[in-house]
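Novice: One structure, as structure tokens, below. Some questions next.
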Amino acid sequence: MQDWTEKYRPQSLQEIVGNGPAVRQIYEWARSWRRGSPPLIFYGKPGVGKTSAAHALARDMAWEIVELNASDQRTKAIIERVAGTSSTTTSLSGAERKLIILDEADNLHGTADRGGARAIMEIIKNARQPIVLIANDIYGLAKEIKALGEPVLFRAIQARSMVPRLREICRDEGLACSPEALTSIAESAGGDMRSAVNMLYAAAIGREDVGEADVHTNQKDLRATIFDLIAAIFSGKPDADLIRLSRAVEDTPDTIVQWIEGNLHVLRDPERTARAYAAVSRADEWVGLTYRRQYYALWKYAGAMMTIGVKEAAGGSGIHERIMPPARWKRMGGARKQKAVRTSVMQKLSRKLDLPQHTIREEYLTLITLLVEERPLECVREIGLDADELNFFLHDKERVKTVMKALKDLQKAPKKKEEKPVEIEEVPRAEEPPVREERQTPRSQATLFDSF
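Okay, so the sequence shown: first residue is 673 according to the working numbering, each after it adds one.
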């Protein structure tokens, strides 16, 4: 049997189940798209139709699709080669436009994605084609990327919206499925249409009639997100549910323990907070022991400590704030960004001054910094600095914004047409002895960096 999730994937935006407001927002954006329009950012939990909507949009608008997803190595060079070229060139297939789809855009982290976020920002700024970014967690996107896009929220699909679609699939497959079975599947899917289709597929194997009992005897799609797990821990769910959720989450225990630790600040009672940190500490010890011995059966002890241990400490207090990724990840990302900016600055200065980077760093960097602080606009134009690189010298974001705006205005200013000189008829003069002209040595235009 063919995979039903692919066989019955929506072919048009009109076939997207639920999320009417999101579909209307997408249609309006596509109809009015012009060069310079912001990209759309589809976000929401897995299985709610984000990727299907992007492909359906391209079919509805007769646009060619260029897709980059998490299975690709997200180095800066690859993103620029695959998406960058496509975003600035026209289609060879005859399509009016190309839709650039970047799936799992919130997964740009780690060494494999070095420079990827920066490349995406440049592609968005220079794109001549429509772009859609897809993310499960919008808070996992770099804030610079979020600022450039228009968010489109895909909500969990209500069970009553799923049932008609499941009924259509049963009709097309010649399958008799009781209303109770369809309702049971829809309610068990947790807002995930893909999960509901998979459950129906599993129940239908080897059967022509599916009842409610058949659905319950088949294993349901138990995928979970880290957000489901953390909410369950602080809500005091039963131990068995916590263990099941921790195994269903795709993240490894060393990542899960960081997420849990990063949200312990919601506990207000100092004693409970101390007990929770103690449980996390013990879990972290088990994780370390697992890696040292390469004996992954020990992960179950880490999982029990970080879930059940923290649950007992929290006492079912619940979590009433936004679940956020670990703060240290943001700090690590900031440190990587600063290092990348510094490297880029040194490379540009080295090319400009024709000097080794270590020489610039050790002997001239202080002097260049003073020069940039005194004449930032001229330095930006001569060296080719962007906003982050200028802030490397100024450490003043407001001043950087002012300088970059001045540069943008200067680039947009129309060049004045050269006035045609007025011809004046010369009056004859008495002849004078010829003056011997001295030849002057031609000289190139001076720059700020001639003294280096």
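Where a beta carbon is used, it is the ideal one built from N, C-alpha and C, also for glycine.
Can you tell which of 963, 827, 947 and 847 has the C-alpha that lies nearest to the C-alpha of residue 978?
Specialist: Check the Cα spacing between residue 978 and each of 963, 827, 947 and 847: the tightest is with 947.
Novice: To which residues of the same chain is residue 1049 closer than 7 Å at the C-beta, ignoring the five residues directly before and after it?
Specialist: 1075, 1078 and 1079
Novice: Can you tell which of 898, 899, 849 and 858 has the C-alpha that lies nearest to the C-alpha of residue 877?
Specialist: 849
Novice: Would you tell me roughly how many angstroms separate the C-alpha atoms of residue 972 and residue 1014, rounded to the nearest one?
Specialist: 43 Å
Novice: Would you list, in sequence order, the uninterrupted alpha helix (DSSP H) runs of no fewer than 4 residues that lie entirely inside the region 922–997?
Specialist: Correct list: 925–934, 942–965, 971–976 and 982–986.
Novice: Per DSSP, what kind of secondary structure is residue 826 in: helix, strand or coil?
Specialist: coil
Novice: Distance check for residue 817 and residue 793, CA to CA, integer angstroms please.
Specialist: 6 Å
Novice: Rounded C-beta distance between residue 976 and residue 959? I'm assuming under 8 Å.
Specialist: Contact flag wrong, Cβ pair sits at about 12 Å.
Novice: If I measure Cβ to Cβ from residue 1090 and keep anything under 8 Å in the same chain, skipping five residues before and after, which residues do I get?
Specialist: The predicted position of residue 1090 is uncertain, since its pLDDT is 48 and thus under 50; no value can be drawn from it.
Novice: List the endpoints of the continuous beta strand (DSSP E) containing residue 715.
Specialist: 712–715
Novice: Is it buried or exposed, residue 1115, if we count other Cβ atoms within 10 angstroms and call 16 or more buried?
Specialist: Low per-residue confidence applies at residue 1115: pLDDT is 49, beneath 50, and the placement is therefore not dependable, though the value from the model is reported in the following sentence. It is exposed - the Cβ of residue 1115 has fewer than 16 other Cβ atoms within 10 Å.
Novice: Check residue 804 in the structure and name its three-state DSSP category.
Specialist: Shown here, residue 804 sits in a strand according to DSSP, grouped into three states.
Novice: Per DSSP, residue 774 is paired with what?
Specialist: 740 and 805
Novice: Which of the three DSSP states, helix, strand or coil, is assigned to residue 882?
Specialist: strand
Novice: Please identify the residue among 927, 949 and 926 whose C-alpha is closest to the C-alpha of residue 937.
Specialist: 949
Novice: Per the DSSP calculation, residue 849 is bridged to which residue(s)?
Specialist: 882
Novice: Quick check: the Cα distance between residue 890 and residue 874, rounded to an integer number of angstroms?
Specialist: Since pLDDT at residue 890 reaches only 45, below the 50 mark, its modelled position is unreliable, and the value read off the structure follows with that caveat. One C-alpha to the other measures close to 7 Å.
Novice: If you count every other CB in all the chains shown that lies within 10 Å of the CB of residue 941, and 16 or more means buried, which is it?
Specialist: exposed
Novice: Assuming residue 1126 and residue 694 make a contact with CB atoms under 8 Å, what is their CB distance in whole Å?
Specialist: Any answer about residue 1126 is impossible in this case: the structure gives the chain only from 673 up to 1124.
Novice: Among residues of its own chain, excluding the 5 on either side of residue 768, which ones have a beta-carbon nearer than 6 Å to its beta-carbon?
Specialist: none
Novice: Among 1065, 980, 926 and 988, whose alpha-carbon lies nearest the alpha-carbon of residue 968?
Specialist: The closest CA to that of residue 968, considering only 1065, 980, 926 and 988, is found on 926.
Novice: Cutting at 8 Å between CB atoms, please list the residues of its own chain near residue 702, excluding the five before and the five after it.
Specialist: 729, 732, 733 and 802
Novice: In whole angstroms, give me the CA-to-CA distance for residue 980 and residue 957.
Specialist: 16 Å
Novice: Residue 918 and residue 902 look like a contact to me (Cβ under 8 Å); what is the Cβ gap, rounded to whole Å?
Specialist: Not a contact, Cβ separation roughly 10 Å.
Novice: At the level of alpha carbons, what is the spacing between residue 685 and residue 915?
Specialist: Looking at the backbone, the Cα of residue 685 and that of residue 915 are separated by about 38 Å.
Novice: Roughly how many whole angstroms lie between the Cα atoms of residue 1083 and residue 721?
Specialist: 42 Å
Novice: Does the region 804–812 come close enough to the region 835–845 that 3 or more CB-CB pairs lie under 8 Å?
Specialist: Contact fails: fewer than three Cβ-Cβ distances are below 8 Å.
Novice: Report all residues from its chain with a CB closer than 8 Å to the CB of residue 852; omit the five preceding and five following residues, and keep chain order.
Specialist: 883 and 884
Novice: Going by beta carbon distance, what residues of the same chain come within less than 7 Å of residue 1052, once the five residues before and after it are set aside?
Specialist: 1062, 1075 and 1079
Novice: So, are the CB atoms of residue 690 and residue 833 less than 8 Å apart?
Specialist: Going by C-beta atoms, residue 690 is nearer than 8 Å to residue 833.
Novice: Between the beta-carbon of residue 1028 and the beta-carbon of residue 811, is there less than 8 Å?
Specialist: no
Novice: Taking only three categories from DSSP, how would you classify residue 676?
Specialist: helix
Novice: Where residue 987 and residue 904 are concerned, what is the direct C-alpha to C-alpha distance, given to the nearest angstrom?
Specialist: 12 Å
Novice: Please classify residue 910: is it buried, with 16 or more other beta-carbons within 10 angstroms of its beta-carbon, or exposed?
Specialist: Burial call: exposed.
Novice: Residue 740: buried (16+ other C-beta within 10 angstroms of its C-beta) or exposed?
Specialist: The residue in question, residue 740, is buried, as its Cβ has 16 or more Cβ neighbours within 10 Å.
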